[in-house]
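Visitor: First the structure, then my questions, so here it is.
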Amino acid sequence: MATSFDKLITDLQKQQESTNLANQKRYDQMLAIYDEVINRYQPGGAFEKAGLQQIGQQKIQGVGGATQQMIGSGMYGTTTTAALPEKWEQQVGAPARLNLEDIMMQRLSGAQLGKAGAIENVQDIGPSYDTIAQLAMQAGQGGGSTGKSEGISYSSGGSGY
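Following the working numbering, the numbering of the sequence shown begins with 5 at its first residue and continues without gaps.
The structure is reproduced here in structure tokens:
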């Protein structure tokens, strides 16, 4: 009986280790995805770079269009022409940058909260003592079958990022 019980315990330990490794791998993958999203919305990240590039292109088009209108109306070369870039920045550029920053911070905060929720939802679950006792009784009766061990349970925060 001791040999059968020892084998049962060894099998349960192996199943527990295998389950824990698989769960840890999924957990690491999930955290890596959150880190990727967080990096995207960090200041200097891909989202900010793309937004600033778009604002720069809008400035070129806006100032260029206003310059063309001044040329068409015969006002090119006046002091008004020199003030076009500054006026564009005040009316369009600065609000666009503030809006971009607001969107970045909202999405960054959402991703960080999602990651924190995912970490918080991790539960370490060891083998069930009821299952071990039942299996030990079966092993003692010559039923020697092994059961399913339990491992770490992970639940995603469901944030959608």
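We put the beta carbon where it would ideally sit given N, CA and C, even for glycine.
Exposed or buried, ILE54, counting other C-beta atoms within 10 Å across all chains shown (16 or more means buried)?
Guide: Sequence inspection shows Ala at residue 54; the Ile mentioned does not correspond to that position. The residue in question, ALA54, is exposed, as its Cβ has fewer than 16 Cβ neighbours within 10 Å.
Visitor: Less than 8 Å between the beta carbons of LEU112 and ILE42, yes or no?
Guide: Cβ distance < 8 Å, so LEU112 and ILE42 count as in contact.
Visitor: Quick check on TYR38: buried or exposed, where buried means 16 or more other Cβ atoms within 10 Å of its Cβ?
Guide: Per the 10 Å Cβ criterion, buried.
Visitor: Should GLY76 be labelled buried (16 or more other beta-carbon atoms within 10 Å of its own) or exposed?
Guide: That one is exposed.
Visitor: For GLN95, does the three-state DSSP call read helix, strand or coil?
Guide: Residue state, collapsed to three classes: helix.
Visitor: My output table needs one value for GLN209: the three-state DSSP class, helix, strand or coil.
Guide: Residue numbering for the chain in the displayed model covers 5 to 165; residue 209 lies beyond these limits and cannot be assessed.
Visitor: Assuming ALA137 and MET34 are in contact, meaning their beta carbons sit under 8 Å apart, how far apart are those beta carbons, in whole angstroms?
Guide: The pair is not a contact, with the Cβ atoms about 34 Å apart (cut-off 8 Å).
Visitor: According to DSSP, is GLN57 part of a helix, a strand, or is it coil?
Guide: Of the three classes helix, strand and coil, the one that applies to GLN57 here is helix, per DSSP.
Visitor: Would you call the region 90-106 and the region 62-77 in contact, with 3 or more CB pairs under 8 Å?
Guide: Yes, since at least three Cβ pairs between the region 90-106 and the region 62-77 fall closer than 8 Å, the two stretches touch.
Visitor: VAL96 and GLY66 look like a contact to me (Cβ under 8 Å); what is the Cβ gap, rounded to whole Å?
Guide: With 8 Å as the limit, VAL96 and GLY66 qualify as a contact, their Cβ atoms being about 6 Å apart.
Visitor: Would you check whether the ligand PLP has a heavy atom nearer than 7 Å to the C-beta of ILE107?
Guide: The ligand PLP is absent from the structure shown, which contains no ligands of any kind.
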